[in-house]
Every structure is written in C-alpha cells, then in structure tokens.
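First to last, the protein sequences are chains A and B.
Take 1 as the starting number for the first sequence in the UniProt record's numbering and just add one per residue.
Take 1 as the starting number for the second sequence in the UniProt record's numbering and just add one per residue.
Glycine included, C-beta positions come from ideal geometry on N, C-alpha and C.
Values in this document were obtained by computation on a predicted structure and should not be read as measured data.
Accompanying notes for the structure given below.
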Amino acid sequence: MAPPPPNKRIKTISVSRPVVYGNTAKKMGDVRPANAPVEHTHVWTIFLRGLENEDVSYYIKQVVFKLHDTYPNPTRIVTAPPFELTETGWGEFDIGIKVHFVDAANEKVLNFYHRLRLHPYDMSKPSQEEIESVFYDEIVFNEPNERFFQVLMTRPGNLLPSNKTDASPFSKQLELEEIKRIDDGVVEVDKQIEELKGQLEEKLKAAAAAEPAAAK
Amino acid sequence: MSSSDIFDVLNIKKAKSPADATGASAAAGPGGASSTPPTAGTTVVPGGPKQPLTGMRRELYNLLGENQPPMMVQPSSKFKETLKSATKASPWTRGAFKANAHLTLTHWVKGSQELLGDEPQESAYAKFDQHMSLPEFTREEFESFMKGDKGAETKDTETKESEKKDSEAKDTEAKDTEVKDTEPKNSETKDSETKESESKDIETKEIETKETETKETEVIEAEAKESESKDTEAKEAETKEPEVKESEAKESETQDTESKDTETKETDDEEADTKNAETEDTETKDTETKDTEAQDAETQESEDKDTEAAELGVTDSTATEQKTTDTNAADNAADTQTSETKSSDAPQQEEATADPAAWTYEEVEYLFHLCRTYDLRWFVIWDRYAYGSVERTLEELKQEFYLVSRRYFESKNAAEPLLQSLEYPASRERERKAYLERLLSRSAAEIAEEEALVIESRKFEMGARKMLQEREALLRLLDSPNSEQSVAQYMTSQGMSQLYGSLLADKTRKRRHEGAIPENPWMKQQQQFAYQKQQQQQQQLAAHKQQSRRRESNTAEGTGSVTPTPAGSVPSADSAAPRRTKKQKLEQQSALKRKSEVEYAENLLKGLSAEERKSLGVQLHGEKLSPGVYLRSTRISTFKPTLQNKVHGVLQELKLPVRPAMPSAAVVSHQEVLLERIVQLTELKKSLDKLAAEHSVAGA
C-alpha cells in the first residue's frame with residue numbers, strides 16, 4: 001500500500017486539542033503605565049494557551065487579536081508564545097481572536113470572539129482583586145492531512161489534569177461532573193416527556209371518546 | 001340576503017318619502033284606504049327611495065332577489081327608437097264583446113272591421129266565467145248523512161285530533177237539541193255584550209247593511225224589553241240573541257273595514273297564502289282590540305245592568321263578568337277549546353243548552369250558500385260570514401265545510417277515491433299560520449342574528465373537519481416509522497438517510513392524497529408493476545456493480561456488501577426509475593469509498609490503545625463531516641430562533657448553562673443527547689397545547 005500524498009486528508013479522523021482562552025483584568029491603582037490614557041481604569045490581558053500552559057506553538061503559528069477600533073492599531077498580531085496581549089481600557093467589548101495554524105496543517109484561520117470582562121458580575125464575592133473570564137474549548141482538526149496528522153501525533157496534546165486546581169478548574173474531574181449534571185438533566189427531561197406523553201394519550205383518548213358521543 | 005336587509009342591519013335610515021308615509025298609514029289603519037301598499041316592484045325605479053320591506057313582502061322579495069328591469073329606463077337610452085318596426089301597421093278596430101250574459105262592452109282589437117264582423121264577439125275569458133258546483137241537500141238529507149255515520153264517527157274521533165273530536169262531539173250534541181240555535185251562547189253573548197258600546201261607534205261612522213240595521217232596531221227593542229222584564233231566562237236569551245247578531249255583524253264590519261283596504265286591492269285569485277297572512281294579521285288585531293275593549297265594556301255593562309231590576313239580572317252580570325275574565329285569560333288558547341271550557345265553566349247556568357260552537361243545519365246551509373256565492377274564496381266567505389251569535393274562525397268554517405262535504409259524498413258513494421282529499425286538518429292549519437306569522441314578524445335584527453348563527457355554525461363545522469384531518473395527520477406521524485420491522489437496515493448512515501428519504505416521501509405523498517382524487521385502482525396496479533420491474537432491474541444492476549467494484553478495489557477483504565436493499569416501499573412513477581438507479585449507484589460508490597477510508601484510518605490508529613487515542617485527542621467518527629478546523633463548542637446543535645429560545649428556557653429550568661463549562665468531546669456528546677430530548681419535550685408540549693386548544697374549541 002503506497003503512502004498517500006502528504007496533503008491528502010485522512011477521512012473519518014478528527015484530532016482535538018484543548019485550549020483555554022479568556023482575559024484577566026485588574027483595576028489600575030496609583031501605578032499606571034506611562035502611556036495609558038487618563039480615562040482608562042483597568043489593565044487587562046487577553047490570552048490563548050494550552051490547558052496547563054503547555055506549548056501550543058507546534059500547531060499554532062500566530063494569534064491575532066482584533067481590538068476595539070478606538071485603540072491605536074487595533075489589530076495586534078502575536079507570533080510567538082505566550083499568545084497574550086496586555087492593554088489598558090475602561091470598557092468591555094468583543095475581542096476577535098484569529099488563530100493561524102502552522103503551514104503544515106494547511107488549515108484555514110480559526111475565528112472566534114471573546115467578550116472582554118473587566119467587572120465582577122458575581123456580587124456575592126466582593127472585592128475580587130483580579131477578574132477572570134476564562135473559557136475552555138477544544139480545537140478540533142477534522143480530517144487533518146497526513147503531514148499535520150503526523151505532527152499532531154507527536155505528543156499527547158489532549159491530556160487533561162485529573163483534578164481541579166485553584167489555578168485551572170478544567171480537568172477530568174470537571175468533565176465528569178459536567179457529564180453527571182447533563183445526565184441528570186436528561187433524566188429530568190425524560191421524566192417530563194413521559195408525563196407529557198401520558199397526558200397526550202389521555203387527551204387523544206378523550207377526544208376519540210368525545211367524537212362518537214358528539215356524532216350521536 | 002338582500003340589500004334591504006343589510007340596510008336594516010346596519011340601521012341605515014332612508015329619507016322618508018311621501019309614498020312611504022301613506023304606505024305607513026295604510027298599514028296602520030283604515031284611514032288610508034285608497035293608497036295601495038307599495039310593492040317590491042316600486043324599488044325598480046332607479047335611485048328612487050326604497051321602502052323597508054316587512055313580512056310577506058320581504059320574504060317574497062328575498063326569493064326573487066333584486067328585480068332589475070332588463071333595460072334601464074333612463075332619459076339617455078332611447079329605447080323607444082328600438083321599437084320602431086319596418087312592418088306595416090295593421091288596423092285596429094273598436095269591436096264589441098260580451099263581457100257576460102247581460103253585459104256587452106267594446107274594446108280595441110287588431111284587424112279590420114270586415115274581418116271582425118258586426119256581431120259582438122265572445123269574450124276570451126268567458127271560459128273562466130264558471131261557478132263551482134257545490135253539493136246541495138235538504139234538511140232531511142243533512143240529518144240522515146250526518147247521523148248515519150255518527151256512531152262510526154265517534155269511534156273515528158278517538159283516534160283523530162282533539163280538535164276534530166271537539167267539533168264532532170258538538171255536532172252530535174247539536175242534533176239532539178234542535179232549539180239550541182235560539183239558546184244563548186255564552187261565549188258570544190259575553191263578547192257581543194262587551195262590544196256593544198264599541199261597535200256602536202263604528203256604526204255611526206260606517207254605512208251599514210240593511211240587515212244589521214234591522215237587527216239594530218231589534219236590539220233596541222230587545223234592550224227595552226230587557227230593562228222591562230227579565231222574567232224568564234228564555235226571554236233574556238231571546239233578547240240576547242239579536243244583540244249577538246248585531247254585534248257580530250258589526251264586528252265583521254269592523255273587520256271588513258280593516259281588511260278591506262288590503263283585500264280589496266288584491267285580486268280574488270291571488271294566492272291563498274298571502275291572504276291568509278293578511279287576514280291573520282287583522283284577526284289578531286281584532287282579538288287584541290277585543291281584549292282591551294272588553295274591559296271597558298265590562299264596566300259599562302255593569303252600569304247598564306244596574307238599571308236592570310231583580311236578582312236575575314244581577315246574577316247574570318256577575319256571571320258575565322266572570323266569563324269576560326275567562327275569555328281574557330283564554331284568548332290565547334285555541335278558539336274551540338276556549339269555547340269548550342267556557343261551556344263547561346257554566347253548565348249550571350244554561351242547563352241542557354247545546355254547545356254554542358255546534359253547527360246546525362241552518363248554519364251549514366248558510367255556509368254553503370256563502371261558498372256558492374263567493375266560489376269558495378274563503379277569505380271573502382269568512383269576511384261576510386255573519387250567522388247568529390256564533391263567531392267562527394276561518395279554520396272552523398273550512399273544517400265544517402269539508403266535513404259536511406265528505407259526509408255528503410260518503411252517503412252518495414262511499415267508495416269514492418277522492419274522498420281522502422276532503423280532509424281538512426284544522427289544527428295543523430292553525431299551527432302553520434302561527435308559524436308563518438312568527439316567520440313574517442321577525443325583526444331585521446332577528447334575521448341578521450339568524451344568518452350570523454348559520455355562518456357561525458358553518459365555521460364550526462369547517463373547524464371541526466380541519467381539526468379531524470390534523471388529528472389524523474398527527475396520529476399518523478406518531479406511529480410513522482414502522483417499529484415492527486427490523487431496524488438493522490437503518491443502522492448504517494446510508495440506511496439512515498434512506499429511511500429519512502422514504503419518510504419524507506411518505507409524508508409528502510400523504511399530504512398529496514389528503515382531499516385529493518381517490519386512487520385509481522387500475523393505475524395503482526400499473527404503478528405496482530412498474531415498481532416491481534424497476535426493483536428487479538436495480539437488484540440486478542447492484543449485484544453486477546458490486547461484483548465489478550469488488551474486483552477493482554484494492555481493499556479486497558470481501559466482507560460483503562454494505563448496501564442495504566432499498567428500504568423504502570415508495571412506489572414511484574416510471575419516470576423516476578432511471579434517476580433513482582443513478583442516485584443509488586452514486587450512493588454505492590461513495591459508501592464503498594468511505595469504507596476504504598475507514599479501513600485506512602483504522603489502519604493508521606491500529607497501534608494505539610483507547611487510552612492513547614484519548615490522550616492524543618484522536619477520534620474515529622466514521623461520519624461524513626466537512627473537513628477543517630473548528631472549536632468544539634461551536635458544533636453544539638442550534639435550532640430555529642423560537643425553538644432555540646424554548647430550549648434555552650428548559651436548560652435554564654434545569655439549571656444548566658447553555659454552553660457547557662467544559663465542552664470536551666464526551667460532554668458535547670452528552671449535551672447533544674440532552675438537547676435532542678429537550679426538543680422532543682417541546683414538540684410534545686406543543687402538540688399537547690394544540691390538542692387542548694382543539695378540545696376547548698370542540699367543547700365550546
């Protein structure tokens with residue numbers, strides 16, 4: 001069996017890589033960056049990284065953060081890890097994140113948004129020093145080509161930490177918890193469905209019974 | 001629904017025209033006797049004021065519709081010019097004709113004098129100048145044939161209507177007592193006495209017939225007599241009788257005047273129904289006036305009676321008083337019944353007196369005389385009818401006439417087949433007239449309401465039908481995929497898509513058949529043949545293809561074909577056959593290709609354990625997904641906005657986030673299951689709500 005050309009996609013296979021993206025924000029105290037405008041109140045950092053800060057550069061070439069148009073040079077290109085950007089500001093907005101993959105991947109740019117968060121939404125925990133808005137997601141390469149597949153197979157990039165930590169909650173434990181919650185939801189919904197089905201049958205029966213009566 | 005009704009409903013007032021005013025007065029009373037009531041034909045005048053149609057006219061008009069003339073008579077359209085003819089005009093001659101045996105009149109006829117001759121012509125309508133031949137009989141004959149079937153009749157009556165029974169029982173009674181005619185008839189006496197004062201007013205106004213004049217003098221005499229001596233009951237009765245007669249005559253005259261303006265205008269041969277209705281009207285009016293006047297007269301009467309001496313008079317007045325109240329109360333009931341009750345009310349007063357409503361030979365003779373005179377024009381007969389103190393309704397007259405006629409003919413020839421048609425069901429006739437009256441006295445609002453109700457009921461019917469259809473469709477949907485069959489053939493993705501396709505086709509086909517033309521059995525069979533043939537071809541083709549393909553493919557493991565036999569039982573038309581085979585060919589090709597791909601991928605991952613695969617994040621999904629990179633969270637199912645909102649609502653209820661906190665492969669797959677269930681739930685809710693709505697509508 002001759003090896004297929006390196007650019008041929010391997011069908012029916014998908015490879016996923018977990019990433020974490022989000023931002024941290026802090027109120028500016030007396031210490032202000034030199035060039036920060038007066039109206040800016042917060043310092044924030046937006047980032048995209050591997051789950052445990054592991055290296056993602058073997059498949060990510062660069063990340064482009066598209067800031068609000070009011071920023072000077074709103075399109076910021078980060079070409080080397082860590083893929084993060086620190087800025088100051090006063091308002092929350094959607095930051096466009098464009099992930100460029102290594103040339104070997106021959107993949108299109110992955111595009112998504114992150115809503116910058118500066119203010120604590122959860123009032124039950126006051127006086128938070130640093131605000132965090134972090135999301136877990138998985139980059140899925142569906143049907144990668146041969147070459148990239150080989151690249152991806154070089155390291156176990158999908159490993160999850162087994163337990164939650166304060167630094168990062170995303171772990172096998174959380175995954176299991178999540179599945180448990182969803183399954184509970186499924187059970188609950190199933191219960192409701194059965195209930196409704198019973199009602200529906202009753203109604204139909206009643207209607208069927210009412211019809212001959214009405215015909216008389 | 002005519003436009004006039006719409007006007008009525010919308011309560012649009014039309015300008016009062018003088019014609020309208022006279023019409024109203026004509027309807028109100030005898031004042032405007034000369035003005036003809038406006039007919040539906042008057043509405044033909046373009047732009048002219050329309051009369052509000054009521055009663056019978058309205059019904060007839062509704063039957064006819066807007067009666068427009070074929071050509072609009074307008075100053076602009078020179079219709080007279082079109083009448084000019086090229087043919088030479090023939091001469092017209094004034095010729096004489098015999099109107100009847102005694103009268104000769106002249107008229108203009110076409111043709112020259114020579115052609116017609118000098119002799120007066122026979123009238124063209126002479127053949128219509130005929131009289132009916134009604135049976136004539138002597139007293140003895142009457143006695144015999146009325147008595148002859150008395151026994152049989154009494155048996156008969158038991159089965160017949162109560163109305164008939166009454167009158168016939170009275171008949172037999174009447175025969176027993178010959179003198180009953182001269183005896184006072186309590187119900188009429190009352191009425192007449194009470195009406196005395198009132199009828200005198202009318203007398204002064206109107207020209208009276210000689211008969212009534214003589215009766216009046218009699219009355220005066222009788223009254224004088226009454227005041228002088230009330231020795232015997234018989235005398236009193238005598239005095240009362242003329243009174244009765246007089247009042248009856250007057251009554252009939254008042255009726256005359258009331259009904260004259262309507263009746264006289266109409267030709268005699270007008271439909272009996274219209275007459276019926278009109279006379280009914282006047283009749284009811286009459287009784288109403290009687291009611292009110294009776295009370296007035298009561299007091300007057302008691303005053304009169306005060307002048308009378310002795311206890312007899314007193315008892316009489318009290319009795320009459322009592323009776324007047326009786327009549328007032330019983331006015332609503334059927335005439336014969338009232339008279340019956342009255343007679344039973346005071347049997348002690350007039351012992352051995354016959355039923356007042358009973359028919360004597362004289363009265364029957366009188367009735368037949370009138371019938372002969374007026375050629376059975378019942379309204380005229382009823383109008384002129386003035387015999388004794390008895391007040392007869394039209395139905396009574398008819399009933400008696402037909403009864404006597406039947407007896408007569410029975411006595412002549414009992415086997416006469418036409419005897420059956422001499423039945424006259426008086427009670428049913430009364431019922432009919434009552435219904436008719438009610439129909440004609442409906443107000444515009446009532447008519448509108450009726451129509452609205454009919455429309456409403458139609459709507460309900462339509463709704464119910466639609467609901468039934470929808471319910472059927474729902475039931476069909478519920479048990480759509482036949483679960484009895486094995487599901488093995490649907491296990492592969494290809495089989496799944498096939499099932500989907502077949503279901504879709506099924507659905508559309510069912511839709512198409514709803515309310516469409518019924519299936520032609522012959523066509524069905526043809527289709528079936530075509531389908532079978534096509535099936536065979538397919539199978540052959542598929543077998544052939546597979547063999548060749550297997551030979552070609554480098555992955556010659558020979559695990560057998562994955563192509564399931566066509567699952568759908570969709571009989572398709574002949575034209576679809578080639579396309580289908582092509583499609584199937586493509587499907588087969590792609591399935592084979594996929595298979596080889598899966599094998600290749602499996603080959604790649606052969607050395608990896610499940611744990612290793614997981615840590616590498618590599619997955620064999622075996623599905624046809626578009627290649628490329630994506631974030632897993634973006635592949636969570638989304639729905640149409642409304643459904644999406646509902647799903648989110650349910651998720652919120654379950655205290656679950658819309659986006660899982662950790663959208664890993666396992667979590668997302670679970671999330672998908674959850675979403676699927678939620679959608680099912682919302683669908684169920686929807687159909688349940690719909691059913692509840694249906695139920696509430698159906699229940700309402």
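query = Taking Cβ to Cβ, would you say residue 682 of chain B is nearer than 9 Å to residue 658 of chain B?
reply = Stepping through the second sequence from its first residue, residue 682 of chain B is reached at position 682. Stepping through the second sequence from its first residue, residue 658 of chain B is reached at position 658. At the C-beta level, residue 682 of chain B and residue 658 of chain B stay beyond 9 Å of one another.
key: As assigned by DSSP and simplified to three states, the class of residue 180 of chain A   = Residue numbering aside, residue 180 of chain A sits at position 180 when the first sequence is read from its first letter. Note: residue 180 of chain A maps to helix in three-state DSSP.
ask   = Does the ligand GTP have a heavy atom nearer than 8 Å to the CB of residue 397 of chain B?
value = Among the components of this structure there are no ligands whatsoever, and the ligand GTP is therefore not found.
inquiry  = Once DSSP output is grouped into helix, strand and coil, what is the label at residue 94 of chain B?
reply    = For this step, residue 94 of chain B is matched to residue 94 along the second sequence. In the structure shown, residue 94 of chain B sits in a strand (DSSP, three-state: E or B).
message = Taking its Cβ as the centre, do 16 or more other Cβ atoms sit within 10 Å of residue 58 of chain B, making it buried, or is it exposed?
response = Position 58 of the second sequence, counting from 1, holds the residue named residue 58 of chain B. By the Cβ-count criterion, residue 58 of chain B is buried, with 16 or more other Cβ atoms from all chains shown falling within 10 Å of its own Cβ.
query = Count the other CB atoms within 10 Å of the CB of residue 104 of chain A; is the residue buried (16 or more) or exposed (fewer)?
reply = Numbered from its first residue, the first sequence carries residue 104 of chain A at position 104. With at least 16 other beta carbons inside 10 angstroms of its own, residue 104 of chain A counts as buried.
ask   = Exposed or buried, which one is residue 69 of chain A when buried takes at least 16 other CB atoms within 10 Å?
value = In the first sequence, counting from the first residue as 1, residue 69 of chain A sits at position 69. Using a 10 angstroms sphere on the CB of residue 69 of chain A, the tally of other CB atoms stays under 16, which defines it as exposed.
request  = Output the distance between the C-alpha atoms of residue 102 of chain A and residue 608 of chain B, rounded to the nearest integer angstrom.
outcome  = Indexing the first sequence from 1 puts residue 102 of chain A at position 102. Indexing the second sequence from 1 puts residue 608 of chain B at position 608. Computed Cα separation, rounded: 25 Å.
key: residue 166 of chain A classed as buried or exposed, judged by whether at least 16 other C-beta atoms fall within 10 angstroms   = Within the first sequence, the letter at position 166 stands for residue 166 of chain A. With fewer than 16 other beta carbons inside 10 angstroms of its own, residue 166 of chain A counts as exposed.
request  = Measuring only between beta-carbons, confirm whether residue 369 of chain B sits less than 9 Å from chain A.
outcome  = Against the second sequence, residue 369 of chain B aligns to sequence position 369. By the rule that beta-carbons nearer than 9 Å mark a contact, residue 369 of chain B does not touch chain A.
key: Three-way DSSP call (helix, strand, coil) for residue 383 of chain B in this model   = Within the second sequence, numbered from 1, the residue matching residue 383 of chain B stands at position 383. Reduced to three states, the DSSP call for residue 383 of chain B is helix.
task = Can you check DSSP and say which residues form a bridge with residue 94 of chain A?
result = Start at 1 with the first residue of the first sequence, and residue 94 of chain A comes out as number 94. Among the bridge pairs identified by DSSP, residue 94 of chain A is matched with A:115.
ask   = Which residues in the same chain have their Cβ closer than 8 Å to the Cβ of residue 632 of chain B, if we skip the five residues on either side of it in sequence?
value = The residue you call residue 632 of chain B lines up with position 632 of the second sequence. Correct list, in chain order: 663, 664, 665 and 668.
request  = With a 10 Å radius around its C-beta and 16 neighbouring C-beta atoms as the bar for buried, classify residue 104 of chain B as buried or exposed.
outcome  = Taking the first residue of the second sequence as 1, we reach residue 104 of chain B at position 104. With a threshold of 16 other beta carbon atoms within 10 Å, residue 104 of chain B falls short and is exposed.
request  = Spatial neighbours of residue 397 of chain B within its chain, please: CB distance less than 8 Å, with the 5 preceding and 5 following residues excluded, ordered by chain position.
outcome  = Counted from its first residue, the second sequence places residue 397 of chain B at position 397. 367, 378, 381, 382 and 385, listed in sequence order.
request  = Assign residue 14 of chain A to one of two classes, buried (16 or more other C-beta atoms within 10 Å of its C-beta) or exposed (fewer than that).
outcome  = Within the first sequence, residue 14 of chain A is the residue found at index 14, counting from 1. Residue 14 of chain A should be labelled buried.
ask   = Taking Cβ positions, are residue 130 of chain A and residue 26 of chain A nearer each other than 9 Å?
value = By one-based count along the first sequence, residue 130 of chain A stands at place 130. By one-based count along the first sequence, residue 26 of chain A stands at place 26. Against a cut-off of 9 Å, the Cβ pair of residue 26 of chain A and residue 130 of chain A comes out as a contact.
request  = Identify every residue that forms a DSSP beta bridge with residue 137 of chain A.
outcome  = Here the question's residue 137 of chain A lines up with position 137 in the first sequence. DSSP output for residue 137 of chain A lists A:19 as bridge partner(s).
ask   = Any C-beta of chain A sitting closer than 9 Å to the C-beta of residue 56 of chain B?
value = Here residue 56 of chain B refers to the residue found at position 56 when the second sequence is read from its first residue. Not closer than 9 Å to any Cβ of chain A, the Cβ of residue 56 of chain B fails to qualify, so no.
message = Rounded to the nearest angstrom, what separates residue 91 of chain A and residue 161 of chain A at their Cα positions?
response = Here residue 91 of chain A is taken as the residue at index 91 of the first sequence, counted from 1. Here residue 161 of chain A is taken as the residue at index 161 of the first sequence, counted from 1. Their backbone Cα atoms lie some 34 Å apart in a straight line.
task = Name the one or two DSSP bridge partners that residue 14 of chain A has.
result = Residue numbering aside, residue 14 of chain A sits at position 14 when the first sequence is read from its first letter. According to DSSP, which records beta bridges pairwise, residue 14 of chain A is partnered with A:142 and B:619.
inquiry  = Quick check on residue 615 of chain B - is its C-beta less than 9 Å from some C-beta in chain A?
reply    = Your numbering for residue 615 of chain B matches position 615 in the second sequence. Yes, residue 615 of chain B lies at the interface with chain A (some Cβ there is under 9 Å from its Cβ).
Closest Cα partner of residue 617 of chain B within the set A:210, A:201, A:156 and A:208 = Translated into the one-based positions of the second sequence, residue 617 of chain B becomes position 617. Scanning A:210, A:201, A:156 and A:208 for the CA closest to the CA of residue 617 of chain B turns up A:156.
task = Check residue 695 of chain B in the structure and name its three-state DSSP category.
result = One-based indexing of the second sequence puts residue 695 of chain B at position 695. In this structure, residue 695 of chain B counts as helix in the three-state DSSP scheme.
key: Rounded distance between the beta-carbons of residue 137 of chain A and residue 19 of chain A, thought under 8 Å   = As a working note, residue 19 of chain A is residue 19 in the first sequence. As a working note, residue 137 of chain A is residue 137 in the first sequence. Between residue 19 of chain A and residue 137 of chain A the beta-carbon gap is near 6 Å, inside 8 Å, which marks them as a contact.
request  = Please classify residue 406 of chain B: is it buried, with 16 or more other beta-carbons within 10 angstroms of its beta-carbon, or exposed?
outcome  = Taking the second sequence and counting its residues from 1, the one referred to as residue 406 of chain B is at position 406. With 16 or more other Cβ atoms within 10 Å, it is buried.
query = Is it buried or exposed for residue 194 of chain A, if we count other Cβ within 10 angstroms and need 16 for buried?
reply = Numbered from its first residue, the first sequence carries residue 194 of chain A at position 194. So residue 194 of chain A counts as exposed.
key: Burial state of residue 117 of chain B (16 or more Cβ within 10 Å)   = Indexing the second sequence from 1 puts residue 117 of chain B at position 117. Under a 10 Å Cβ-count criterion, residue 117 of chain B is classified as exposed, with fewer than 16 other Cβ atoms of the shown protein chains found around its own Cβ.
ask   = alpha helix (DSSP H) containing residue 446 of chain B: first to last residue?
value = Reading the second sequence from its first residue, position 446 is the one you call residue 446 of chain B. Unbroken alpha helix (DSSP H) run through residue 446 of chain B: 444-478.
ask   = Which chain A residues are close to residue 685 of chain B, counting only those with a beta carbon under 7 Å from its beta carbon?
value = By one-based count along the second sequence, residue 685 of chain B stands at place 685. Residue 685 of chain B reaches chain A at 196, counting residues in chain order whose Cβ is nearer than 7 Å.
query = Taking only runs of the alpha helix (DSSP H) that begin and end inside the UniProt domain "DAMP1 SANT/Myb-like" (357-408) of chain B, which ones reach a length of at least 4 residues, in chain order?
reply = At a cut-off of 4 residues, the continuous stretches assigned as alpha helix (DSSP H) that sit fully inside the UniProt domain "DAMP1 SANT/Myb-like" (357-408) of chain B are 361-373 and 378-384.
request  = My understanding is that residue 10 of chain A touches residue 144 of chain A, with C-beta atoms under 8 Å, so please give their C-beta distance in whole angstroms.
outcome  = Here residue 10 of chain A is taken as the residue at index 10 of the first sequence, counted from 1. Here residue 144 of chain A is taken as the residue at index 144 of the first sequence, counted from 1. So it is a contact: roughly 6 Å between Cβ atoms.
ask   = Does the beta carbon of residue 570 of chain B come closer than 9 Å to any beta carbon on chain A?
value = The sequence position of residue 570 of chain B within the second sequence is 570, counting from 1. Caution is warranted here: a pLDDT of 43 is assigned to residue 570 of chain B, below 50, making its placement in the model unreliable, and no coordinate value can be reported.
Backbone CA spacing between residue 395 of chain B and residue 365 of chain B [nearest angstrom] = Counting from 1 along the second sequence, the entry for residue 395 of chain B is found at position 395. Counting from 1 along the second sequence, the entry for residue 365 of chain B is found at position 365. Cα to Cα, the separation comes out at about 17 Å.
ask   = What are the boundary residues of the beta strand (DSSP E) that includes residue 62 of chain A?
value = To locate residue 62 of chain A, count along the first sequence from 1; it is residue 62. Where residue 62 of chain A is concerned, the enclosing beta strand (DSSP E) stretches over 60-66.
request  = Using the Cα positions of residue 762 of chain B and residue 71 of chain A, report the straight-line distance between them to the nearest angstrom.
outcome  = Residue numbering for chain B in the displayed model covers 1 to 700; residue 762 of chain B lies beyond these limits and cannot be assessed.
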